[in-house]
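Let me begin by presenting the structure, written as structure tokens, before commenting on it.
Numbering (full-length UniProt numbering), first residue to last: 1 to 178.
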């Protein structure tokens, strides 16, 4: 099944959960019935704006329709989950990170950082990660200081997930074996 067909299947599933007909969805989107049929069959490749419109009508997130399930579905229940994530991230071709470890000195401070070089031309998604982390820091600060609501913060998260859901990562080649 191709990406458009997978998106179409999630649109259809979401529509049926709300007990809407294709005609109901078409009317809500101000589209023709045939257009909605093409969305659901995967005949039309949807842009982000259309995905956002459909998600709003279907009371779901754009990220879900795109196949990236929201942050609430990612389970991080122990430190091993975080370590496993780092192992997986380190095995991706399009990103690279360095570790900056500052061991305790006389002041007793100990810190560790994961550093992505936004100018790294060999790893094409590093710059995107730097941009999203900058945006994340700003939105997290706004949430923590009550400048935005939890709902606005969650909507921002969902839009970011949807936006980056087609920025695919591939495993590094196995040429490090033996």
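Virtual Cβ for every residue (Gly too), placed ideally from N, Cα, C.
CB of residue i within 8 Å of CB of residue j, strictly
| i | j | result |
| --- | --- | --- |
| residue 163 | residue 48 | yes |
| residue 37 | residue 22 | yes |
| residue 18 | residue 58 | yes |
| residue 94 | residue 170 | yes |
Cross-strand partners of residue i (DSSP beta bridge)
| i | result |
| --- | --- |
| residue 97 | 116 |
| residue 102 | 111 |
| residue 121 | Answer is none; residue 121 lacks a bridge partner. |
First and last residue of the uninterrupted alpha helix (DSSP H) at residue i
| i | result |
| --- | --- |
| residue 11 | 3-17 |
| residue 163 | 150-164 |
| residue 52 | 48-57 |
| residue 44 | Careful: residue 44 lies outside any alpha helix (DSSP H) and carries neither H nor E. |
| residue 130 | 126-144 |
| residue 24 | 22-29 |
| residue 90 | 79-90 |
Secondary structure of residue i, DSSP reduced to three states
| i | result |
| --- | --- |
| residue 169 | coil |
| residue 64 | helix |
| residue 36 | helix |
Buried or exposed (CB count within 10 angstroms, at least 16 for buried), residue i
| i | result |
| --- | --- |
| residue 82 | exposed |
| residue 131 | exposed |
| residue 30 | exposed |
| residue 55 | buried |
| residue 45 | exposed |
| residue 104 | exposed |
| residue 80 | exposed |
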